[in-house]
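As structure tokens, the structure follows; a few thoughts come after it.
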């Protein structure tokens, strides 16, 4: 199979094809302990921080790493720290039609594990974690194998 065929197949997958659309969110004025409980309950590595007045408007992201490095490692008490104090404000986002290979490149270049997905109007639609890309990899490899088999017949 030619490299161009592989590239073409990879470019067909979009952010919306692999994003998680069931979002775990919190508000900026919530405590870090409340946000951490949501992460634990829903088994996710981040929560999307949304505007209380407009919950479809993303204002930040809070990750497990943020909690470890900005709260626990500094000896702060998670119940006394507000999400807005440690969240990443205005996080990098991608449009839902962004090719998946560009999302993966961006995650690698910026060393980030989670990227919120928005629509053309900027409305929050989903999130992509590194694990989402890893999850899709076996089916992508299978599709590449099938295409390769067809080309050799």
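Residue numbers (our numbering): 25 to 177. C-beta atoms are modelled at their ideal positions from N, C-alpha and C, and glycine is treated no differently.
Once you ignore the five residues that flank residue i on each side, which residues in its own chain have a CB closer than 8 Å to its CB?
i: residue 43; result: 120, 141, 149, 150, 151, 152, 156
i: residue 134; result: 116
i: residue 76; result: 51, 52, 53
Quick check on DSSP: helix, strand or coil for residue i?
i: residue 146; result: coil
i: residue 77; result: coil
i: residue 113; result: strand
i: residue 92; result: helix
Sorted by chain position, which residues of the same chain lie with C-beta nearer than 7 Å to residue i's C-beta, five sequence neighbours on each side aside?
i: residue 62; result: 48, 50, 71
i: residue 128; result: 157
i: residue 60; result: 91, 102
i: residue 95; result: 56, 102, 105, 110
Beta carbon of residue i, beta carbon of residue j: below 9 Å?
i: residue 52; j: residue 99; result: no
i: residue 123; j: residue 56; result: no
i: residue 154; j: residue 131; result: yes
i: residue 37; j: residue 160; result: yes
Sort out for me which residues DSSP pairs residue i with in a bridge.
i: residue 72; result: 49, 85
i: residue 138; result: 153
i: residue 106; result: 55
i: residue 38; result: 123
Grab me the residues of residue i's own chain with a C-beta within less than 6 Å of its C-beta, minus the 5 sequence neighbours each way, in chain order.
i: residue 88; result: 69
Around the C-beta of residue i, are 16 or more other C-beta atoms found within 10 angstroms, so that it is buried, or is it exposed?
i: residue 138; result: buried
i: residue 97; result: exposed
i: residue 107; result: buried
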